[in-house]
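Everything below concerns the one structure shown next.
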Amino acid sequence: MVFNSYIFILCFLPISLIGYYALGNTKKPPVYDWWLVLVSLFFYAFISPKMLIYPLVSCFINYFFVKLLFKKKYQKNGISISKGVLAFGILVNVLSLSFYKYVEVKSIIVPLGISFISFAQIAYLVDTYKGLTYYDSIAEYLLYVMWFPKVMQGPLLKHDLFIESLHNENRATMNYDNLSEGIFFFSVGLFKKMFIADNIAIAVNYCYEFSDILGFKTALFVILGYTLQIYMDFSGYSDMAFGISKMFNIAIPVNFNSPYKAVSITDFWKRWHISLTDFLRDYIYYPLGGSRKGKLRTALNIIIVFVISGLWHGKGLTFLVWGLLHGFCQVLERSLKKVLEKVPKLIRILFTFVIVNIGWVLFRAKDLSQFLSIITSLFKRDNYIVLSEGLKKCDLLHMDALLNRLGSFGQLLNDNSSLVILIAGLLTCFFCPNLYEKKHKYNVALSLVTVVLLLLEILSLNGAMTTFIYFNF
Amino acid sequence: MKKSNTKVYFKTVIITTISLLLLLAMMVIIIDPMMHYHKPFSRLCYVMKDEFFLNPGIASKYDYDAIIVGDSSCQNFLTSIIKDERGLEAVKLTNTGAPFSESDEILRYAFKCNPDIKLVVRAVDSLMLSKDPDIKRYPKKDYYLYDDNVFNDVRYIFNIEMYKKCFTILNDTRLGKKTWNMDMYSNWEDFRDFGGYEMLLASLEGEPTVDYTDEALSIANAKENVLKNIVKTAREHQDTEFIVFMPPYHLAYYKSLLNASTFDTEFKVQKVAIETLIDEPNIKLYSFCDDYEITTDWSYYCDMVHSKQDVNSRILEMMLNDQHRITKDNYLDYLTEIKSFYSDFDYSTLIKEED
Numbered sequence: 016m017v018f019n020s021y022i023f024i025l026c027f028l029p030i031s032l033i034g035y036y037a038l039g040n041t042k043k044p045p046v047y048d049w050w051l052v053l054v055s056l057f058f059y060a061f062i063s064p065k066m067l068i069y070p071l072v073s074c075f076i077n078y079f080f081v082k083l084l085f086k087k088k089y090q091k092n093g094i095s096i097s098k099g100v101l102a103f104g105i106l107v108n109v110l111s112l113s114f115y116k117y118v119e120v121k122s123i124i125v126p127l128g129i130s131f132i133s134f135a136q137i138a139y140l141v142d143t144y145k146g147l148t149y150y151d152s153i154a155e156y157l158l159y160v161m162w163f164p165k166v167m168q169g170p171l172l173k174h175d176l177f178i179e180s181l182h183n184e185n186r187a188t189m190n191y192d193n194l195s196e197g198i199f200f201f202s203v204g205l206f207k208k209m210f211i212a213d214n215i216a217i218a219v220n221y222c223y224e225f226s227d228i229l230g231f232k233t234a235l236f237v238i239l240g241y242t243l244q245i246y247m248d249f250s251g252y253s254d255m256a257f258g259i260s261k262m263f264n265i266a267i268p269v270n271f272n273s274p275y276k277a278v279s280i281t282d283f284w285k286r287w288h289i290s291l292t293d294f295l296r297d298y299i300y301y302p303l304g305g306s307r308k309g310k311l312r313t314a315l316n317i318i319i320v321f322v323i324s325g326l327w328h329g330k331g332l333t334f335l336v337w338g339l340l341h342g343f344c345q346v347l348e349r350s351l352k353k354v355l356e357k358v359p360k361l362i363r364i365l366f367t368f369v370i371v372n373i374g375w376v377l378f379r380a381k382d383l384s385q386f387l388s389i390i391t392s393l394f395k396r397d398n399y400i401v402l403s404e405g406l407k408k409c410d411l412l413h414m415d416a417l418l419n420r421l422g423s424f425g426q427l428l429n430d431n432s433s434l435v436i437l438i439a440g441l442l443t444c445f446f447c448p449n450l451y452e453k454k455h456k457y458n459v460a461l462s463l464v465t466v467v468l469l470l471l472e473i474l475s476l477n478g479a480m481t482t483f484i485y486f487n488f
Numbered sequence: 316m317k318k319s320n321t322k323v324y325f326k327t328v329i330i331t332t333i334s335l336l337l338l339l340a341m342m343v344i345i346i347d348p349m350m351h352y353h354k355p356f357s358r359l360c361y362v363m364k365d366e367f368f369l370n371p372g373i374a375s376k377y378d379y380d381a382i383i384v385g386d387s388s389c390q391n392f393l394t395s396i397i398k399d400e401r402g403l404e405a406v407k408l409t410n411t412g413a414p415f416s417e418s419d420e421i422l423r424y425a426f427k428c429n430p431d432i433k434l435v436v437r438a439v440d441s442l443m444l445s446k447d448p449d450i451k452r453y454p455k456k457d458y459y460l461y462d463d464n465v466f467n468d469v470r471y472i473f474n475i476e477m478y479k480k481c482f483t484i485l486n487d488t489r490l491g492k493k494t495w496n497m498d499m500y501s502n503w504e505d506f507r508d509f510g511g512y513e514m515l516l517a518s519l520e521g522e523p524t525v526d527y528t529d530e531a532l533s534i535a536n537a538k539e540n541v542l543k544n545i546v547k548t549a550r551e552h553q554d555t556e557f558i559v560f561m562p563p564y565h566l567a568y569y570k571s572l573l574n575a576s577t578f579d580t581e582f583k584v585q586k587v588a589i590e591t592l593i594d595e596p597n598i599k600l601y602s603f604c605d606d607y608e609i610t611t612d613w614s615y616y617c618d619m620v621h622s623k624q625d626v627n628s629r630i631l632e633m634m635l636n637d638q639h640r641i642t643k644d645n646y647l648d649y650l651t652e653i654k655s656f657y658s659d660f661d662y663s664t665l666i667k668e669e670d
């Protein structure tokens, strides 16, 4: 099931919430925990019950390892066995993830969100080994892995934050602060997804079909267009996930913090997909030695982390090069730290944005030759048919007929609808405060905005129901 | 944030959103722009566009005993001719560019709604014949008006496009406009220019509109298409008469096939289609590829395959009077004759001297 669907908004979410708070009256956490497990599994397996086989088998195997680790923890000489269990547990997760992601078997469907499921369980095993986890029930463990707002695309949960929420006594009591914040974040996230990401995607996909005959303006449009698309798609999802979880009084971490305002690639990764960065740092970079083993080893560790990040995002050379690009940039930034600090902030932001854009071209391109084709198009003359067609592909909030009545200005807007979305979207990315930073006043004006957003979204769902870019990961 | 504020905010958002959604849904259910719930109100002026979504409503809510189904080659037919010639009330369930599978889909739905259909008129045109028999232009989710499932009606009642249609209906009604009748429905004659010389030149020198590059696949597809999307339904409805016809394409179409060296394939494809259709007792097959008065006169055409309403009226009258029928006895002669006519034709005579 996806968030941007009738079934989710009109049935699944209301029923899940009503059931949760109704069962909350029992004051028995296992009862409403199992309710949440049930709805999470239903959400995951909505397309086909077969989809449940992998995550359930994986969860039970991992839970078995977790139990073993707990058992050994209470023994005095159990450390070495614990290490073995941990290593074996990690290996099982890495191998199954690698098998599904990189071995192509036609009859096997790759489980949705497999990367997130595997990483979450690796994190849990490591934390248990370190003695950082509680003795969680199977329902709590299943929720930690399969909690529906985040199972498909993250964020990757920190065990402590999540379980702390679960252990909150008043968790299943209606909290209007959280419900309000939740519905507001959901409506904004859905708007980002449906009206910006999916909209600009139509133009970007169209232009990418002609990647070998693009010119400067079209290539620039397509590069910036995808940069906007991927941000709005993923941050839209994260906002929705945050909002939905909030409605259940369960905390999940903030995953984005205005990433295109980053002053360096290092800074970018502190703002983009923050939970993944945290995971890579805590569970790969630090165990590799982090920055404690000299400059050369630090550089190598960074490169390793970003190669893994690239391969985690997808198979193929483009993802590997994308990871290397980000890794090398960070190594360079470390060694030139003092020089870079003297460069004006605006120039650093722009320079970082250029690198990020080049990275996204790699991310979007089907192979390296398409990447080169797009980049070299920046130095070519434009194909005006592709450009003019691409520029009018977007829908401006269903206002095309109204705009046509406004005469030449309306026509101009309609003919450049993609450009309007692109400029408005990028301006928002650069100049608007992050949704999470701002203190929202829950007054009449905001309720009107929320109602308009929700209506616009629900009434546009028939043409929507696209999947999210990060579904593939 | 104050607790009371958030309580008011949350309740306002939920109550207002639900109320407005219900109001909007009521508007769609009452006006019913796609005629999904009831017959169109005679006082309202319905927007007779978006055929794919409107056809199921016409099929289920109109009173009729004959159907015209197919792509652009059928859109300019006048149902009044069927009324005059046979006394049957006909509806058009046509759609621009509809492949055979799509035409069959709406036809099956019509039979489900109205099992007493007496006559079906449909095209077996070369443009669609060799396409994949299972091709679907619309995703499965868009078939929400093709069933009685109330759950997928959310796509209809909570759909911004339907509200736009409701407002257009109300506005057109206010302006005194009337709902198009079946003669006007889906008819595109007024929107195209006919007999344009530039278009003729482009057509004569251009690529064909059908892709016969893989001859074996084209022939196999043609057979499967006819069997699966025409014959199967005809066999299930033995009491219904099926009039199936090959529309008259302009000779520029054959020239374009000669340009692409796929001229022979056209006749192999036609042959297999004819042989698959010809033995069916309730199917009458007609072809107008040999009506040279039409196919050599560019003034009837806006491009090499699309002709005026006059042509549709003429061929419909002929079919209803059993003229130009292809039978087991004459089809081989028919194929030999048209093949030699279009291969021997001196296409240079179509080009003005100054060119």
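Protein sequence lines, in the order shown, are assigned to chains A and B. Take the first sequence: its position 436, counted from the start at 1, is 451 in this note's numbering, and no numbers get skipped. Take the second sequence: its position 12, counted from the start at 1, is 327 in this note's numbering, and no numbers get skipped. The beta carbon of each residue, even a glycine, is placed where N, CA and C say it ideally should be. For clarity, every value in this text was computed on a predicted model and none was experimentally measured.
Sub-8 Å separation of residue i and residue j beta-carbons
{"i": "Ser433(A)", "j": "Leu406(A)", "result": "yes"}
{"i": "Tyr461(B)", "j": "Asp468(B)", "result": "no"}
{"i": "Ile494(A)", "j": "Ile211(A)", "result": "Only positions 16 to 488 of chain A appear in the structure, and residue 494(A) is not among them; the question remains open."}
{"i": "Gly385(B)", "j": "Met349(B)", "result": "no"}
{"i": "Lys407(B)", "j": "Thr394(B)", "result": "yes"}
{"i": "Thr411(B)", "j": "Glu476(B)", "result": "no"}
{"i": "Pro164(A)", "j": "Ile259(A)", "result": "yes"}
{"i": "Asn544(B)", "j": "Lys446(B)", "result": "no"}
{"i": "Asp293(A)", "j": "Leu158(A)", "result": "no"}
{"i": "Asn320(B)", "j": "Tyr457(A)", "result": "yes"}
{"i": "Phe560(B)", "j": "Ser614(B)", "result": "no"}
{"i": "Ile473(A)", "j": "Leu336(B)", "result": "yes"}
{"i": "Leu147(A)", "j": "His174(A)", "result": "yes"}
{"i": "Phe366(A)", "j": "Tyr35(A)", "result": "no"}
{"i": "Lys395(A)", "j": "Gly230(A)", "result": "yes"}
{"i": "Thr242(A)", "j": "Trp375(A)", "result": "yes"}
Proximity test, Cβ basis, 8 Å: residue i and chain B
{"i": "Tyr21(A)", "result": "yes"}
{"i": "Thr367(A)", "result": "no"}
{"i": "Tyr35(A)", "result": "no"}
{"i": "Ile62(A)", "result": "no"}
{"i": "Asp192(A)", "result": "yes"}
{"i": "Ser195(A)", "result": "yes"}
Burial state of residue i (16 or more Cβ within 10 Å)
{"i": "His639(B)", "result": "buried"}
{"i": "Gly39(A)", "result": "buried"}
{"i": "Pro563(B)", "result": "buried"}
{"i": "Met247(A)", "result": "buried"}
{"i": "Ser518(B)", "result": "buried"}
{"i": "Gln168(A)", "result": "buried"}
{"i": "Asp4(A)", "result": "There is no way to answer for residue 4(A), as the model of chain A reaches only from 16 to 488."}
{"i": "Phe131(A)", "result": "buried"}
{"i": "Pro448(B)", "result": "buried"}
{"i": "Asn391(B)", "result": "buried"}
{"i": "Glu155(A)", "result": "buried"}
Minimum Cβ-Cβ distance from residue i to chain A less than 8 Å
{"i": "Thr321(B)", "result": "yes"}
{"i": "Thr488(B)", "result": "no"}
{"i": "Phe473(B)", "result": "yes"}
{"i": "Thr494(B)", "result": "no"}
Per-residue contacts from residue i into chain A (C-beta, under 8 Å)
{"i": "Leu337(B)", "result": "Under the 8 Å cutoff, chain A gives no residues; its nearest Cβ is about 12 Å from Leu337(B)."}
Proximal chain B residues relative to residue i, where beta-carbon distance stays under 7 Å
{"i": "Ile198(A)", "result": "Phe325, Val328"}
{"i": "Tyr457(A)", "result": "Met316, Asn320, Thr321, Tyr324"}
{"i": "Ile473(A)", "result": "Leu336, Phe473"}
Within chain B, partners of residue i - CB distance below 8 Å
{"i": "Leu28(A)", "result": "Neighbours of Leu28(A) on chain B: none; closest Cβ ~12 Å, over 8 Å."}
{"i": "Leu469(A)", "result": "Val328, Thr332"}
Chain-ordered chain A contacts of residue i [CB-CB under 7 Å]
{"i": "Val469(B)", "result": "Tyr21, Leu25"}
Contacts that residue i makes with chain B (C-beta to C-beta distance below 9 Å)
{"i": "Leu451(A)", "result": "Residue identity check: residue 451(A) is Tyr in the sequence provided, not Leu. Ordered by position in chain B, no residue passes the 9 Å Cβ test against Tyr451(A), which lies about 14 Å from the chain."}
Inter-stretch contact (C-beta, 8 Å, three-pair minimum) for the region 272-281 of chain A and the region 188-208 of chain A: No, the region 272-281 of chain A does not touch the region 188-208 of chain A.
Three or more C-beta pairs closer than 8 Å, one from the region 326-346 of chain B and one from the region 231-251 of chain A: is that the case here? Judged by Cβ distances under 8 Å, the region 326-346 of chain B makes no contact with the region 231-251 of chain A, as fewer than three pairs qualify.
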